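8 protein chains.
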Amino acid sequence: MSSYRTILNSVKDGLLSVEDALADLQKSSIEELGFATIDHDRVRRKGFSEVVYCAGKTPEQSATILKKLAERGDCNVLGTRAEAKVHELLLPDIPEAQYDPVSRAVYIYRGEQRREGAVLVAAAGTSDLPVAEEAALTAELMGNRVDRLYDVGVAGLHRLLRQLDRLYAARVIVVVAGMEGALTSVIAGLVNIPVIGVPTSVGYGAQLQGLAPLLGMLTTCAPGVSVVNIDNGFGAGYLASMINQLGERKCQ
Amino acid sequence: MSSYRTILNSVKDGLLSVEDALADLQKSSIEELGFATIDHDRVRRKGFSEVVYCAGKTPEQSATILKKLAERGDCNVLGTRAEAKVHELLLPDIPEAQYDPVSRAVYIYRGEQRREGAVLVAAAGTSDLPVAEEAALTAELMGNRVDRLYDVGVAGLHRLLRQLDRLYAARVIVVVAGMEGALTSVIAGLVNIPVIGVPTSVGYGAQLQGLAPLLGMLTTCAPGVSVVNIDNGFGAGYLASMINQLGERKCQ
Amino acid sequence: MSSYRTILNSVKDGLLSVEDALADLQKSSIEELGFATIDHDRVRRKGFSEVVYCAGKTPEQSATILKKLAERGDCNVLGTRAEAKVHELLLPDIPEAQYDPVSRAVYIYRGEQRREGAVLVAAAGTSDLPVAEEAALTAELMGNRVDRLYDVGVAGLHRLLRQLDRLYAARVIVVVAGMEGALTSVIAGLVNIPVIGVPTSVGYGAQLQGLAPLLGMLTTCAPGVSVVNIDNGFGAGYLASMINQLGERKCQ
Amino acid sequence: MSSYRTILNSVKDGLLSVEDALADLQKSSIEELGFATIDHDRVRRKGFSEVVYCAGKTPEQSATILKKLAERGDCNVLGTRAEAKVHELLLPDIPEAQYDPVSRAVYIYRGEQRREGAVLVAAAGTSDLPVAEEAALTAELMGNRVDRLYDVGVAGLHRLLRQLDRLYAARVIVVVAGMEGALTSVIAGLVNIPVIGVPTSVGYGAQLQGLAPLLGMLTTCAPGVSVVNIDNGFGAGYLASMINQLGERKCQ
Amino acid sequence: MSSYRTILNSVKDGLLSVEDALADLQKSSIEELGFATIDHDRVRRKGFSEVVYCAGKTPEQSATILKKLAERGDCNVLGTRAEAKVHELLLPDIPEAQYDPVSRAVYIYRGEQRREGAVLVAAAGTSDLPVAEEAALTAELMGNRVDRLYDVGVAGLHRLLRQLDRLYAARVIVVVAGMEGALTSVIAGLVNIPVIGVPTSVGYGAQLQGLAPLLGMLTTCAPGVSVVNIDNGFGAGYLASMINQLGERKCQ
Amino acid sequence: MSSYRTILNSVKDGLLSVEDALADLQKSSIEELGFATIDHDRVRRKGFSEVVYCAGKTPEQSATILKKLAERGDCNVLGTRAEAKVHELLLPDIPEAQYDPVSRAVYIYRGEQRREGAVLVAAAGTSDLPVAEEAALTAELMGNRVDRLYDVGVAGLHRLLRQLDRLYAARVIVVVAGMEGALTSVIAGLVNIPVIGVPTSVGYGAQLQGLAPLLGMLTTCAPGVSVVNIDNGFGAGYLASMINQLGERKCQ
Amino acid sequence: MSSYRTILNSVKDGLLSVEDALADLQKSSIEELGFATIDHDRVRRKGFSEVVYCAGKTPEQSATILKKLAERGDCNVLGTRAEAKVHELLLPDIPEAQYDPVSRAVYIYRGEQRREGAVLVAAAGTSDLPVAEEAALTAELMGNRVDRLYDVGVAGLHRLLRQLDRLYAARVIVVVAGMEGALTSVIAGLVNIPVIGVPTSVGYGAQLQGLAPLLGMLTTCAPGVSVVNIDNGFGAGYLASMINQLGERKCQ
Amino acid sequence: MSSYRTILNSVKDGLLSVEDALADLQKSSIEELGFATIDHDRVRRKGFSEVVYCAGKTPEQSATILKKLAERGDCNVLGTRAEAKVHELLLPDIPEAQYDPVSRAVYIYRGEQRREGAVLVAAAGTSDLPVAEEAALTAELMGNRVDRLYDVGVAGLHRLLRQLDRLYAARVIVVVAGMEGALTSVIAGLVNIPVIGVPTSVGYGAQLQGLAPLLGMLTTCAPGVSVVNIDNGFGAGYLASMINQLGERKCQ
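Chains as they are written, first to last, in this note's numbering: chain A, 1112 to 1363; chain B, 1112 to 1363; chain C, 1112 to 1363; chain D, 1112 to 1363; chain E, 1112 to 1363; chain F, 1112 to 1363; chain G, 1112 to 1363; chain H, 1112 to 1363.
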């Protein structure tokens, strides 16, 4: 979209016909697979290639899309909520593809892209780890240094308070919590940086598959908190990376 | 019901006794199977035979009803949400019966009934395809030309904007979208024809099995939108056909 | 958007500079009021000028926007959910502005634009009239012939059945119903044309401000039904007009 | 409880010591199984033995309770939502025990107890049959004549209207309906007898596992309707029997 | 509808032309007021004239409809949820019209129509009285003897237990309860007659305007209970009368 | 109920006729006011006289009931959610009646009944004070020493941590919190005594009138917490008193 | 936290360096397992070791944590919602570990710690036993005498009333109830001690997986009731123990 | 908390007694007003003084707290959701206090603190302005340059697309939208910076006071989005400032 001016200039200079200009605007950044329309332009627009949400797609569809993304550039590539089958299908063509069974992520990691600031991922309990790992892995794939602080729920507040230094050392904090999600409010009350709350569906009954901590995080009394969808570790890791890298640009 | 006058006239002219008139009103268009009461009158009333919702019925029940419908007329016949088993049971008697595993539809297609106007079925993501295909197939079975525009969600808006010509060429648009369903609003803001939103249950957490896009489509800021039930591709395809064929009448 | 090609051609022919082309694309169809950005292009895009939702705006804001819309073209103009105050503020400048206290609509009606087909607006009970009138008035302002069929709820089914002729005479039916909203299913079972359900908030307790009929209409067993938001008479009237006028174009 | 006076009289007459009176009040009508406290008094109090809700109990627990109930009296005995396993466990001891796989009811039927009035069980669709059969079977076991009227949903209203005579012949009507449940309102508008609505979980999406018809039936515009829990065929059959037999007393 | 046969016979005998027959079917029992379609046939069909739900209607509309109903027959007439204004507007024409400020009912009571059986209306707390009185008044107007048992909530169980005789003397019981509505289960466990639960919106917080007792009554462990809408005293009184008078017919 | 044995003994000894015994069981502890059935027995059963929930009652009804309770014993008397009007109506007869406008409680306080243990009432924010004061006042009226710890929400954790001594000094803690209610989890993680959570409706949007902290408190990760209804300061104060006084008995 | 003063004194006396003091504050009571941060301090703070919620953890993770807890002290140890696999993994190292398949609890029981007062666990129905047993077992493990009163739901009130003595003999009562949960209100109305309500997910339809009894218990008309999460037998047993042992201290 | 080391060092050096150290830790940063506990430490911890949420407080309470905050430092001070009355009470003491009736904010603005990066606040419609202005004003008070882009909802997509330059010029974007809130997804799909969604309660019916856009924003298909509470303009502005100023520190 930002290249409209370039194309208009080419047209003006006679370097590009009107018909070609129209075609150009549409063609280069998009690949049609029939069942999917790959948005290769996203690397340019968002600084990271399209991330494939594998749930609801067949393993074959997921693997095909991931392969196309991997072939196109040399950025890292990520598929979330993937069965191990996706990884198996990918391996023959992309031997460096990896799979993390905890977060159910399949990914291709290319090159060291550590940054100055760090993303801290805090998790309230052991059962929250799959979501926390999805967040941590996403942030790492996007080139961030990640600090993991797990099982520090508020029922044993001293577990958290003895780690204040790590909280203070981060540039942005992702808080992953199920049950009632109070950890988000407590951490946000202690620091002066953005806190991204990720409610998880860990719990039962009135936890309502994550609605309890979702509502709790949205209505927190501590300022500086925003929230992503229940169990959306990917979204939190992505946003944390975006905040951590504000002004920089990755993987040209 | 519209034939009350005819029957009254026959009674007046002595061609029909009162008792027979009463019986006539009830009998001809209905077939009793014990577990089902087939409404053969629906072809006349609605322009398409009764569509069988196979979920919650045994494959045997579904197959029996479909067979009865197929025997009675020469319209196309459709069963939705069917297991492959229904198709298998149907094949010995109706060899031309077909099954589409994506949309889980079993159907009998008889004759070319293409129309002028076209129904456009747009889907936001690959995971929405089962619902989109149910809509597309239903519209095709009811004699419409269908244009499929898949994986054009708003996260990559240019994928949609480069297809404006196809949007403008339709007479009615079905928009199938999960997640937050924003595609419906965006498309409805661009065109001047009816848009039928189909929220899907694709997503997780606060998506609430489709409630998020359902509420979103209902409260859209773009006029010209109406909504059918979550995942109800059939209902959208049926209504789209009805709108596309307003004033015409199919399969006498 | 469809005029991109025109502008590109002008640029190519040297009739338009690149800078001017960019400005042109943005300027002509939009008017900035500070608190509002009027979309004058909507008449061209949607066949009817922007409709002003007056709730949540000050009467002064509503009246200013309506005035701007009225000055720009000679289409009919509509403001919904307006206090009488909006009308009073409008009258000095637009003496032909009218106000309907039942539907709380303020509008400017210019010229006879009757069509062939008719929109039928059916309402289940007397308490549903404000919503039904909003639908009927909207459809009339958009140039449709409207037939009103009120207080025909299913608790007294014969009130409806004796009016079958009027149901059959319509091209599209808007059904406005509160309580449980069963009227929509019953009417849709009787006709072969699109039915637009408008659930209303009439009722109490488990009616949940309209959620009961909303859910009911969405899950109707009768095909050919789609639904708009609770109490959204405007949306239903607008869509009914769109369906009734498919292929035609109003108010160039 | 009503026998307090008797016991008080016995105490007064010296026929019963105070300690024994206290014991008597508690003992005779109750049987302790450890995991269950059988209420044998219910036959006297409610006219039918305790009905065993088998879901959530082990088949062994269910079978044991049913056996105890069968041994105690000569009333009919009923277990609802039972796996076939319960029946198998029961057969060696109670060979006359029967099992109905549609309604998942296990029961022991002893003797002909037909009544004058009839309970009509109407069901909207074939998928509603398991619930409808639970209602019908319960009413039959409690000694009522039951008329079944199935697959008469409002999408084909004439299927119902041609059966008005059967509606008029009943003393109480149970209406079993999923989807939006409009059948309840339509039937209640046609008759002058109590109508018991049973919403079912048949449907998907906005049907919300039966909440849509539940809310619809509760907010019906037709008087004379009351509602039982979603899928609660047993409750409806039980209440229908109670209404049908008002003033009579069964199985002394 | 039951008079179809009569009309058909008249047509057959030449006593009625087809056109007149059609008109007859529609006209006699219905009166058009523009904003309302009065269903005078309801006395014949349901044994009681149409009851006017005054909420959402203007007092003038309510009074007009009530007047029309009063003029037509000599049955009792009832308007629910009415402001005192409706009564004032009615008085000049119908001086015997009465108004009950507790239940907000306006009514015209004509003649003593006491029955054998009694309807018991039990209310859990003083705050539930408006709903309880609406139920009691409705049942009285429909010719039933009503016994009122108020403020007997389960927090003081002995208040109820000392009144068992009155429970046993009724033919049908209406239980009106807010808070958690447990009174319904307790009473239904003690008696052998139909119990109609009316949840009320009395309470706050998690009572959710009556949803708590509504859900509670629907899921009661005691058989023989059905439920009407929250605060729907009228519906419960109406149904109780219907059950109490099964087989009888009122006000020919 | 526990006096059944006494009455049985009197009957046995001929000191009491059967009829009188029955009457006695019912009469002494209950006073009928028509609109209310006062449970004077509650002092004996529950250790505190019936508390009057004044919302939904007329001020006259509330004042009458409070007067009756005050006349009967010499316990403290409490009415909650009362308008000042109730107090005014009470003053002429009960000059020592007091009114607290913050908690909207009207009460009669008779005598010093301080206890050993203390009830701590902690409130997260200033807006939670009306509920916190209702809890504190209730506990004081029931004879407890109350320590108030207000405005110590988790957004500024040190406000709470510097008060650990007061937390440790209590026997039972009531935590009153709106927004997301995280204070309950944090406090329960720090102490070894029962914590009663009172969610309040303080907040907006996703706070859902108190549902957010209600769900949060119910799903807390800290053991030792139980919850009362939203804004139910009375219930929490009452229960806190019960726990604080376990084994003791007040106001014989 | 309460040992801050001790550490400060050691620092002041030169017995402890500042760096060591900081380390000490954090280290002793916490054990890092990578996936979990064990809070060994909880025995001191809460009087019972950390209880392991095994759902959402792998059996290996659960077993490891339980082993660490067992090794550290000689308190009883408890894991809830555990598969039998956890027990199997634990047995080689901790042969005295036990498993209860009804409540799915794995536990290590060391020594007789009976108390004076008793915890009564009442359950409404047989299907509620898994939750009731979790409560009972938890209370027993924490050293309480537990009385079990099962299958005493209000549909047969006399089953409860004949057990009043057992109700009166308890110091605190846990009421476990599914369906509508009315048992909680009834019991709380009869006794003068704290009642902890545990709603269960037993039921279907409008029971909404336990929301119906949850809302009912929260809005009970009987004072002295508080509520824990749906199916949270552990939480109720833990709190009941805390109340029963107020002022005492267990397992130093 | 981070000053623990300093205090420990002072104690070690004998400069501070243990008792004084304990007092110091608690006293300096907290001011007790009885009804409130002011957290003066927040400027140091969070970079901005405590913001007063005035809803639910009396105007007198709000004004007192604001005055205390203003006296203590020379930072800007902010009170949200304030009546004009708060401003009036503040003016005599703090004449430079200002009030904005659109966002209902009362504030004290001290000195120019413009930053490099800009916060863009985009609003979908005119009715969303109160929330958008609360966000914009908060960000300005915290020292950010704010760009306002109002009334650019997706129903007229070109209104937004012509402003892409302003989107690209921001460092962080706040998107305020009611109805279905689709603007958030569309903007997030176009940019490569953090987007904070603020759902508003603008709309009706299925908009459910903001739940529809809340759910929609949480489930957006565009990465880089997080969400704050419905109508929480303050929270979004605060977080946007935090992100915009990452690494900087304001108002020492």
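Note that beta-carbon positions come from the ideal geometry of N, C-alpha and C, so glycine has one too.
Just so you know, these numbers come straight off a predicted model, no measurement behind them.
Interface annotation for the segment 1292-1303 of chain E against chain G: Gly1292, Ala1293, Leu1294, Thr1295, Ser1296, Val1297, Ala1299, Gly1300 and Leu1301, criterion Cβ-Cβ distance under 9 Å. Take the alpha-carbon of D:Leu1268 and the one of D:Val1297: they are about 9 Å apart.
In the DSSP annotation of this structure, the continuous segment of the beta strand (DSSP E) that includes B:Val1285 starts and ends at Val1283 to Ala1288. By the neighbour-count criterion, in which a residue is buried when 16 or more other Cβ atoms sit within 10 angstroms of its Cβ, A:Glu1182 is exposed.
A direct Cα-to-Cα measurement between H:Tyr1349 and H:Asp1211 gives close to 17 Å.
Here E:Gly1125 is exposed, its C-beta having fewer than 16 other C-beta atoms within 10 Å.
Closest by C-alpha distance to A:Ala1233, out of A:Lys1178, A:Leu1294 and A:Leu1144, is A:Leu1294. Only exposed fits G:Pro1203, as fewer than 16 other CB atoms lie within 10 angstroms of its CB. At a cut-off of 8 Å between beta carbons, G:Gly1321 contacts chain A. Looking only at G:Leu1272, G:Gln1274 and G:Phe1159, the smallest Cα-Cα distance to G:Tyr1218 is reached by G:Phe1159. Within 7 Å of the CB of H:Met1290, the CB atoms of chain B belong to Thr1330, Thr1331 and Cys1332, in sequence order along the chain.
Judged by beta-carbon spacing, E:Val1213 lies beyond the 8 Å limit of E:Pro1170, meaning their Cβ atoms are not closer than that value. Straight-line spacing of the CA atoms in F:Val1197 and E:Ser1238 works out to 15 Å.
If you check each beta-carbon in the segment 1181-1193 of chain D against every beta-carbon of chain B, none falls closer than 9 Å.
In the structure shown, D:Pro1324 falls within a helical segment according to DSSP collapsed to helix, strand and coil. Going by C-alpha positions, G:Leu1260 is about 19 Å away from G:Gly1346.
Minimum Cα-Cα distance from B:Ile1307 among the listed residues B:Val1336, B:Thr1331 and B:Gln1318 corresponds to B:Val1336.
Residue pairing of H:Ala1233 in beta bridges, as defined by DSSP: H:Leu1260 and H:Val1286. Sequence-distant partners of G:Asp1185 (beyond 5 residues in either direction) whose C-beta falls short of 7 Å from its own C-beta, in its chain, are Arg1221.
Proximity to B:Gly1321 across B:Met1328, B:Pro1310, B:Thr1331 and B:Gln1274 peaks at B:Pro1310, based on C-alpha coordinates. In the DSSP annotation of this structure, the continuous segment of the beta strand (DSSP E) that includes F:Tyr1210 starts and ends at Gln1209 to Asp1211.
Looking at the DSSP output, E:Tyr1164 shares a beta bridge with E:Thr1191. Taking A:Glu1244 as the centre and dropping the five residues before and after it, the same chain places the C-beta of Val1213 and Ser1214 closer than 6 Å to its C-beta, in chain order.
The bridge partners DSSP lists for E:Ala1247 come to none. The Cβ neighbour count for D:Gly1145, taken over all protein chains shown within 10 Å, is under 16; the residue is labelled exposed.
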